[in-house]
Amino acid sequence: MPTLSNDYYEFFGLARKLNVDQAELQKRFYELSRQWHPDRFSRKSAAEQAQALEATAILNDGYRTLRNPVRRAEYLLKEEGFPIGEQRSKDVPAELLEEVFELNMMLEELKEGDDSARSQLEAAQQNFIGLRDSVDSELEKLFNKYDASEPRSETAKQALHEIRGVLNRRRYIENLLRDVDRAIHPAGAQTEPVEDRL
Amino acid sequence: MSTFQIDFGESRTSKIVGIDLGTTNSLVAVMGLTGPEIIEDSEGRKIVPSIVSLTDDNRLVAGEQARELLLTRPDRTVYSVKRLMGRGVQDIQEELKLFPFRIAEHSESVIKLRLGERTFTPPEISAAVLRQLKDNAEAALGTPVSEAVITVPAYFNDAQRQATKDAGRLAGLEVLRLVNEPTAASLAYGLDKRKDGIVAVYDFGGGTFDISILRLHEGIFEVLATNGDTHLGGDDIDNLLLRIALEDIQSEWREDLSLDSEGVQRLRRAVVQAKEQLSFVPETTIELSYKGKRYQRVIQRELFERLIAPIVERTLEPCRSCLSDAKLTPEQIDEVVMVGGSTRIPLVRAAVERLFKAKPHTELNPDEVVALGAAVQAGILAGDVENKLLLDVTPLSLGIETMGGVVSKLIHRNSTIPASATETFTTAVDGQRNVLIHVLQGERELVKDCRSLARFDLKDIDPLPAGMARIEVRFLIDANGILNVTARDARTGKEQSVEVKPSYGLTEDQVEAMIRESFEKAEEDMRERQLREARVEADNILAATAKAQKSDAYPALAPEERNAIESAIRDLESVYRGNDHHVLNEKIEALNRATQHLAESMMNTAVRGALKGTKID
Numbered sequence: 023m024p025t026l027s028n029d030y031y032e033f034f035g036l037a038r039k040l041n042v043d044q045a046e047l048q049k050r051f052y053e054l055s056r057q058w059h060p061d062r063f064s065r066k067s068a069a070e071q072a073q074a075l076e077a078t079a080i081l082n083d084g085y086r087t088l089r090n091p092v093r094r095a096e097y098l099l100k101e102e103g104f105p106i107g108e109q110r111s112k113d114v115p116a117e118l119l120e121e122v123f124e125l126n127m128m129l130e131e132l133k134e135g136d137d138s139a140r141s142q143l144e145a146a147q148q149n150f151i152g153l154r155d156s157v158d159s160e161l162e163k164l165f166n167k168y169d170a171s172e173p174r175s176e177t178a179k180q181a182l183h184e185i186r187g188v189l190n191r192r193r194y195i196e197n198l199l200r201d202v203d204r205a206i207h208p209a210g211a212q213t214e215p216v217e218d219r220l
Numbered sequence: 054m055s056t057f058q059i060d061f062g063e064s065r066t067s068k069i070v071g072i073d074l075g076t077t078n079s080l081v082a083v084m085g086l087t088g089p090e091i092i093e094d095s096e097g098r099k100i101v102p103s104i105v106s107l108t109d110d111n112r113l114v115a116g117e118q119a120r121e122l123l124l125t126r127p128d129r130t131v132y133s134v135k136r137l138m139g140r141g142v143q144d145i146q147e148e149l150k151l152f153p154f155r156i157a158e159h160s161e162s163v164i165k166l167r168l169g170e171r172t173f174t175p176p177e178i179s180a181a182v183l184r185q186l187k188d189n190a191e192a193a194l195g196t197p198v199s200e201a202v203i204t205v206p207a208y209f210n211d212a213q214r215q216a217t218k219d220a221g222r223l224a225g226l227e228v229l230r231l232v233n234e235p236t237a238a239s240l241a242y243g244l245d246k247r248k249d250g251i252v253a254v255y256d257f258g259g260g261t262f263d264i265s266i267l268r269l270h271e272g273i274f275e276v277l278a279t280n281g282d283t284h285l286g287g288d289d290i291d292n293l294l295l296r297i298a299l300e301d302i303q304s305e306w307r308e309d310l311s312l313d314s315e316g317v318q319r320l321r322r323a324v325v326q327a328k329e330q331l332s333f334v335p336e337t338t339i340e341l342s343y344k345g346k347r348y349q350r351v352i353q354r355e356l357f358e359r360l361i362a363p364i365v366e367r368t369l370e371p372c373r374s375c376l377s378d379a380k381l382t383p384e385q386i387d388e389v390v391m392v393g394g395s396t397r398i399p400l401v402r403a404a405v406e407r408l409f410k411a412k413p414h415t416e417l418n419p420d421e422v423v424a425l426g427a428a429v430q431a432g433i434l435a436g437d438v439e440n441k442l443l444l445d446v447t448p449l450s451l452g453i454e455t456m457g458g459v460v461s462k463l464i465h466r467n468s469t470i471p472a473s474a475t476e477t478f479t480t481a482v483d484g485q486r487n488v489l490i491h492v493l494q495g496e497r498e499l500v501k502d503c504r505s506l507a508r509f510d511l512k513d514i515d516p517l518p519a520g521m522a523r524i525e526v527r528f529l530i531d532a533n534g535i536l537n538v539t540a541r542d543a544r545t546g547k548e549q550s551v552e553v554k555p556s557y558g559l560t561e562d563q564v565e566a567m568i569r570e571s572f573e574k575a576e577e578d579m580r581e582r583q584l585r586e587a588r589v590e591a592d593n594i595l596a597a598t599a600k601a602q603k604s605d606a607y608p609a610l611a612p613e614e615r616n617a618i619e620s621a622i623r624d625l626e627s628v629y630r631g632n633d634h635h636v637l638n639e640k641i642e643a644l645n646r647a648t649q650h651l652a653e654s655m656m657n658t659a660v661r662g663a664l665k666g667t668k669i670d
């Protein structure tokens with residue numbers, strides 16, 4: 023039996039870049055699914071079945087990770103020794119301090135029954151969506167910077183370091199947006215998985 | 054000389070069947086030469102009602118036979134048991150108001166239903182339906198059937214899936230795959246019509262509602278998102294009409310018919326009939342003649358639609374969520390496929406058309422398409438259907454309980470399965486040997502709002518200072534949508550033992566015990582039958598011998614021969630009441646031998662036939 027790589031890039035046979043051609047990724051996902059899906063192994067030995075299950079789990083987890091830019095970047099950071107820490111949402115990024123402070127005031131007011139805070143919150147929501155968009159274009163530039171650099175060079179490390187900072191900021195904004203969304207639509211208690219936006 | 058190579062793979066003749074185990078009706082199908090086919094029973098019926106009854110001689114019967122018994126023996130008959138699969142008694146309080154389930158005592162972790170004097174778990178009841186389908190398939194195919202693909206609602210959680218798998222095992226079927234019903238339908242549909250594109254499957258069945266959105270691409274059926282409600286179906290419409298009819302009867306007859314279970318079942322049949330007719334005619338009558346009384350009520354489609362509008366509306370919210378999860382607008386859906394008997398209702402079709410802005414496909418038989426798809430999946434597993442592949446998703450997020458009763462999500466809903474996540478756990482106090490992990494399924498943030506699946510106990514952890522142990526736990530959802538948990542000590546690499554305590558449903562040991570019991574039952578039944586047959590044979594030979602003793606040939610025998618016959622008769626009579634058919638058969642054989650000469654001489658004296666029933670070698 024062939025040995026399986028746990029590395030998503032290797033498993034898909036893709037270069038370790040932060041920009042990934044989505045059409046190519048999907049094509050390989052379908053090819054590898056045809057090769058490895060447990061349905062193809064139901065008449066095989068228990069060991070082969072177990073390997074197929076293992077391979078498909080890696081494949082599906084990898085596809086989910088690589089097709090989403092944020093998850094992809096987080097994955098590559100971790101693999102390259104820049105793990106995203108746990109301090110993710112507690113420390114307010116300095117440049118957001120003022121806006122976050124105001125936002126928390128509004129959230130409090132709404133909670134206390136001041137419904138005029140609602141329209142202010144909606145405006146703030148738009149503001150933060152705009153911030154997220156600008157973070158995303160910042161990320162795009164950094165992705166290009168990393169992809170153009172020599173692997174593991176100083177430039178590459180520098181890019182990853184910056185990406186980590188931007189990702190932390192992005193996650194912070196995401197959490198705020200989720201809080202605001204929940205305050206505005208308390209009935210919609212189903213939480214949106216953050217994973218697939220951007 | 055040539056040698057023969059025997060390929061056992063080729064000699065396999067037994068087929069994998071596809072089963073739609075529905076709330077109201079069940080079907081079994083198989084891949085034929087030209088495509089999937091529904092298997093009929095000996096009377097040419099395709100549908101097996103998912104109704105189970107305990108006969109007066111304590112046999113579980115399912116299907117048509119049970120449907121008849123529902124009227125005459127409602128206390129020993131049960132239906133819609135799929136609503137109880139994988140659930141706890143506190144989950145089904147709403148159900149209990151509407152369905153005549155008789156819950157036995159000690160139903161806390163596993164529901165037990167009372168049929169007559171005996172109790173059965175929902176998987177045991179479902180197994181009776183599966184056994185009927187298996188029998189029908191074996192009779193039609195002429196081969197034993199031991200492997201199956203069974204469909205489940207896409208929105209079924211882990212416990213409900215596990216319960217379905219248990220039912221298969223109890224019925225003597227190896228469940229090679231659980232397939233989501235709408236996905237199965239898309240397989241049957243895609244095989245038939247569509248090549249590539251985005252397809253929404255709206256599946257409104259007897260007791261469950263599912264919506265799935267798929268991308269079809271060169272034979273790959275990729276589920277993008279799924280949503281649903283496992284307690285919403287045609288049953289709810291029936292209950293609505295039933296309640297109205299019961300109120301009418303209360304005021305007309307001055308009698309509470311709801312206390313009379315046979316009356317209720319007859320009335321239920323009448324309202325179901327009316328409901329079905331209203332899909333084709335604008336007006337019909339609910340009619341009941343019972344115990345010399347008569348009830349009639351004309352009902353227009355317009356009123357019917359006003360009544361059921363809230364139920365139909367309840368199906369639309371999951372559709373909107375599903376679209377949003379798939380990140381699609383209604384305009385991006387190329388086709389909408391309708392599945393399940395309830396999609397025959399014009400109001401349902403209109404609502405779906407309005408939401409998706411497309412005319413839904415109704416040309417496939419909504420009752421059969423799921424079973425046909427299950428047969429296609431069986432064909433894929435057998436290797437008979439090439440180039441088709443289903444990529445399904447898990448309908449619900451999977452998480453673990455963390456501090457403060459909060460759920461930390463590990464695998465998000467709509468992740469393609471198999472899917473996995475790894476989490477490292479440690480100990481909180483020095484020398485701690487166990488860590489308990491509480492696994493939940495659901496979209497909410499708090500433990501109390503999610504569905505508890507199981508508690509996994511990591512046992513025999515090496516005693517270490519607090520926080521030093523590192524146990525890596527892997528959560529893997531397999532292709533059936535069922536969770537598997539394994540753990541290893543990250544320091545030693547040693548496999549870590551995990552004990553599973555399912556929150557609802559049967560433990561592995563309980564299933565094993567039930568299977569053993571059913572085997573023992575089968576053996577017992579077999580012994581019982583052989584014993585009865587042996588006694589019948591003993592009766593015959595004793596009667597024949599008694600008759601022969603009166604013939605002229607008997608006194609002509611030597612005295613020792615007559616003694617031998619007399620003693621053989623006494624021997625046989627002495628074991629006649631015993632429980633061992635082997636002993637009985639021995640003594641029958643002995644008497645046979647002892648009377649052989651007598652039989653011959655009787656034939657010689659042309660008294661043929663007097664010893665009819667004995668063997669003459």
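Chains as they are written, first to last, in our numbering: chain A, 23 to 220; chain B, 54 to 670. All C-beta atoms, glycine included, are put in the ideal place defined by N, C-alpha and C.
Residue i classed as buried or exposed, judged by whether at least 16 other C-beta atoms fall within 10 angstroms
i	result
R110 of chain A	Summary for R110 of chain A: the model assigns pLDDT 48, below 50, so the residue's position carries little reliability; its value from the coordinates is reported in the next sentence. Classification for R110 of chain A: exposed.
Q349 of chain B	exposed
F123 of chain A	exposed
A211 of chain A	Only weak support is given to the placement of A211 of chain A: the predicted model assigns it a pLDDT of 43, under 50, and the question is left unresolved by the model.
R192 of chain A	buried
Continuous beta strand (DSSP E) stretch holding residue i: start and end
i	result
M84 of chain B	N78 to M84
M391 of chain B	E388 to V392
K462 of chain B	V459 to I464
P89 of chain B	P89 to I91
Contact list for residue i against chain A, beta-carbon separation under 9 angstroms
i	result
G436 of chain B	R62, S64 and R65
Proximal residues of chain A, C-beta to C-beta of residue i below 8 angstroms
i	result
L229 of chain B	S64
H270 of chain B	Y52
Within chain B, the residues that residue i reaches when beta carbons sit closer than 8 angstroms
i	result
T78 of chain A	P471 and A532
L75 of chain A	P471, L529, D531 and A532
Element boundaries [alpha helix (DSSP H), containing residue i]
i	result
V351 of chain B	That residue, V351 of chain B, is in no alpha helix (DSSP H); its beta strand (DSSP E) goes K346 to Q353.
E498 of chain B	Taken as a continuous stretch (DSSP letters only), E498 of chain B belongs to no alpha helix (DSSP H), as it is neither H nor E.
E90 of chain A	According to the sequence shown, residue 90 of chain A is Asn rather than Glu. Counting along the chain, N90 of chain A falls outside any alpha helix (DSSP H), and DSSP gives it neither H nor E.
F123 of chain A	L119 to K133
H650 of chain B	Q649 to N657
F150 of chain A	A139 to A170
K218 of chain B	D211 to L223
Presumed contact (8 angstroms Cβ cut-off) between residue i and residue j, rounded CB distance
i	j	result
R402 of chain B	P419 of chain B	Their Cβ separation, rounded to whole angstroms, is 11 angstroms, which puts R402 of chain B and P419 of chain B out of contact at 8 angstroms.
L161 of chain A	V188 of chain A	6 angstroms
I178 of chain B	V228 of chain B	I178 of chain B to V228 of chain B, Cβ: 17 angstroms. No contact.
L493 of chain B	V460 of chain B	5 angstroms
S311 of chain B	L267 of chain B	Not confirmed; about 43 angstroms, so no contact.
L168 of chain B	L122 of chain B	Contact flag wrong, Cβ pair sits at about 10 angstroms.
E581 of chain B	V526 of chain B	Not quite, the Cβ-Cβ distance comes to about 49 angstroms (not below 8 angstroms), so this is no contact.
Within chain B, partners of residue i - CB distance below 9 angstroms
i	result
R86 of chain A	H465, S468, T469 and A472
Neighbour list for residue i in chain B, Cβ cutoff strictly below 7 angstroms
i	result
D83 of chain A	A472 and S473
H207 of chain A	Ordered by position in chain B, no residue passes the 7 angstroms Cβ test against H207 of chain A, which lies about 13 angstroms from the chain.
Exercise. Say whether the region 416–431 of chain B touches the region 66–85 of chain B, bearing in mind that this needs 3 or more beta-carbon pairs closer than 8 angstroms, one atom from each stretch.
Key: yes
Quiz item: Would you say the region 465–473 of chain B touches the region 430–450 of chain B, given that touching needs at least three Cβ pairs under 8 angstroms?
Solution: When C-beta atoms of the region 465–473 of chain B are compared with those of the region 430–450 of chain B, three or more pairs fall below 8 angstroms, so the two segments count as touching.
Quiz item: Within the chosen definition, does the region 376–391 of chain B reach the region 407–414 of chain B through at least 3 CB pairs nearer than 8 angstroms?
Solution: In this structure the region 376–391 of chain B lies against the region 407–414 of chain B, because at least three pairs of beta carbons, one per stretch, are closer than 8 angstroms.
Quiz item: Would you say the region 83–98 of chain A touches the region 450–458 of chain B, given that touching needs at least three Cβ pairs under 8 angstroms?
Solution: Not touching, per the Cβ criterion.
Exercise. Please determine if the region 192–211 of chain B and the region 155–173 of chain B are in contact, where contact requires at least 3 C-beta pairs separated by less than 8 angstroms.
Key: No: fewer than three Cβ pairs fall under 8 angstroms.
Exercise. May I ask you to verify whether the region 368–375 of chain B touches the region 278–289 of chain B, counting CB pairs closer than 8 angstroms and requiring at least 3?
Key: With contact defined as three or more Cβ pairs closer than 8 angstroms, the region 368–375 of chain B and the region 278–289 of chain B are in contact.
Exercise. Could you tell me whether the region 216–228 of chain B touches the region 171–186 of chain B, where touching means 3 or more Cβ pairs closer than 8 angstroms?
Key: yes
Quiz item: Using 8 angstroms as the Cβ pair cut-off and three pairs as the minimum, do the region 140–148 of chain B and the region 112–131 of chain B touch?
Solution: Pairwise C-beta distances place the region 140–148 of chain B out of contact with the region 112–131 of chain B, as fewer than three of them are shorter than 8 angstroms.
Quiz item: Is the region 509–517 of chain B close to the region 556–567 of chain B, with three or more CB pairs under 8 angstroms?
Solution: no
Quiz prompt | Inter-stretch contact (C-beta, 8 angstroms, three-pair minimum) for the region 477–496 of chain B and the region 514–529 of chain B | solution = yes
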